Amino acid sequence: MVIPTYDEADNILSLVERVLALPELIHVLVIDDNSSDGTGDLVEERGNEESRLHLIRRAGKLGLGTAYLAGFRYALENDYHRVFTMDADFSHNPRYIPAMLALMETHDMVIGSRYVRGGSVTNWPMHRRLLSRFANFYARRLLSLPVRDCTSGFRCHSAAVLQAVDSFGIRSSGYSFLEEMVLRVSRHGFRIGEIPITFENRTAGSSKIDSSEIYRAAWHVLVTALRPSSRTIADRVSQGKSSSK
Ligand SMILES: Nc1nc2c(ncn2[C@@H]2O[C@H](COP(=O)(O)OP(=O)(O)OP(=O)(O)O)[C@@H](O)[C@H]2O)c(=O)[nH]1
Ligand SMILES: [Mg+2]
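For the sequence shown, the working numbering begins at 1346 and goes up steadily by one.
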């Protein structure tokens, strides 16, 4: 389980304990971007006595997308074959993990989804609901994505998907990493499944997404949609325009 953190001291240890308590004996890797509230120190201290808890500290706030990539690299180097991502703020409830794992039997990537039948969002103000709905509509239409919730950070990936990620050459370092990842994974022909979740608004700590992040993500999705290279080698092969590599 990869959990990116930036100033999540009020959440991180209780979330880690919930994940560690699951019967599946999951390992947790926190990617902390030099949080000023001591998040990294809390994880390090707990990690000294818990062998399933790991920490990567980075020098500063380097973005959500690169945090996921650092986690994926660690997972591959250490031979994990299923790798989850989730937010640190309890918006993603660990109780869905077993159902996500079960769906991984038949899929290469599974998304905890707010926008499939049975999924929902609680305690989010109207402007956040509208923003999330619009971001999903915008990315799905522009990139022709085959999933309902392409901005959810609650996911599980097979090692095969993660091995392919490097060759995807994902360009986004921020929140739009999530949409770009769905694009690349689906274009490579991997199977993506969705499990309905109830997404709960954070009750502790503060949101890291601000208007500049939103504009950057929207711009990046647009650029990705317009760039011919967003089509993969696999697309071109299937269209008979290239037969090498
Ligand atoms: N390592 C790292 N983690 C980050 C960064 N930005 C956000 N995060 C973490 O990514 C997760 C999602 O961030 P949130 O602030 O919850 O974003 P959000 O869920 O879209 O926004 P809210 O619903 O308002 O909380 C949280 O665990 C954050 O701590 C970053 O630059 N680096
Ligand atoms: Mg959040």
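Idealized CB from N, CA, C, for every residue including glycine. All of these numbers come straight from a predicted model, not from anything done at the bench.
query	result
Beta carbon of arginine 1459, beta carbon of aspartate 1494: below 8 Å?	yes
Tell me, to the nearest whole angstrom, how far the beta carbon of valine 1466 is from that of valine 1347; I am working on the premise that it is less than 8 Å.	Not quite, the Cβ-Cβ distance comes to about 23 Å (not below 8 Å), so this is no contact.
Identify, in the order they occur along the chain, each residue of the same chain with its Cβ nearer than 8 Å to the Cβ of isoleucine 1515, setting aside the five sequence neighbours on each side.	Gly1410, Leu1414, Phe1522, Glu1525, Met1526 and Arg1529
With DSSP as the reference, label arginine 1572 as helix, strand or coil.	coil
Please identify the residue among Asp1352, Leu1407 and Ile1442 whose C-alpha is closest to the C-alpha of valine 1373.	Ile1442
Using a threshold of 8 Å, state whether the C-beta atoms of alanine 1444 and isoleucine 1540 are closer than that.	yes
Do tyrosine 1351 and aspartate 1386 have their beta-carbon atoms positioned less than 8 Å apart in this structure?	no
Following the continuous beta strand (DSSP E) through histidine 1472, name the residue where it begins and the one where it ends.	Per DSSP, histidine 1472 belongs to no beta strand (DSSP E); it is in the alpha helix (DSSP H), 1471–1488.
When you compare each of Asn1423, Met1431, His1426 and Gly1405 to valine 1375 by their alpha carbons, which one comes out closest?	Met1431
Just the C-alpha distance for alanine 1505 and leucine 1475, rounded to the nearest angstrom, thanks.	34 Å
Assign proline 1491 to one of three DSSP states: helix, strand, or coil.	coil
In the structure shown, what three-state DSSP assignment does serine 1436 receive?	coil
Excluding the 5 residues preceding and the 5 following arginine 1331 in the sequence, name in chain order all residues of the same chain whose CB lies nearer than 8 Å to its CB.	Nothing can be reported for residue 1331, as the shown portion of the chain is limited to 1346 through 1590.
So, for valine 1412: in the same chain, excluding its five sequence neighbours on each side, which residues have a beta-carbon less than 6 Å away from its beta-carbon?	As written in the sequence, residue 1412 is alanine, which differs from the valine given in the question. Once the five neighbours on either side are set aside, the close Cβ partners of alanine 1412 are Pro1349 and Ile1376.
Roughly how many angstroms separate the alpha carbons of alanine 1570 and leucine 1487, rounded to a whole number?	6 Å
Near serine 1503, what residues of its chain come up, given a Cβ to Cβ distance below 6 Å and the 5 sequence neighbours on each side ignored?	Asp1453
Whole angstroms are fine: how far does the CA of valine 1455 sit from the CA of phenylalanine 1482?	19 Å
Alpha carbon to alpha carbon, how far is methionine 1449 from serine 1552?	30 Å
Give the DSSP bridge partners of methionine 1454, in chain order.	His1502 and Ile1537
If you draw a straight line from the C-alpha of tryptophan 1564 to the C-alpha of arginine 1485, how long is it?	14 Å
Among Leu1446, Gly1464, Arg1403 and Glu1394, whose alpha-carbon lies nearest the alpha-carbon of serine 1381?	Arg1403
Which residues, in chain order, sit with a beta-carbon under 5 Å away from any heavy atom of ligand 1?	Pro1349, Thr1350, Tyr1351, Glu1353, Ile1376, Asp1378, Lys1406, Gly1408, Leu1409, Ala1412, Asp1432, Ala1433, Asp1434, Arg1547, Ser1552, Lys1553 and Ile1554
Give a single yes or no on whether serine 1521 has its beta carbon closer than 7 Å to a heavy atom of ligand 4.	Ligands in the displayed structure: ligand 1 and ligand 2; ligand 4 is not one of them.
Take glutamate 1353 as the anchor and find which of Gly1538, Ala1549 and Thr1451 has the nearest alpha-carbon.	Ala1549
Would you give the residue range spanned by the beta strand (DSSP E) that valine 1466 belongs to?	1465–1467
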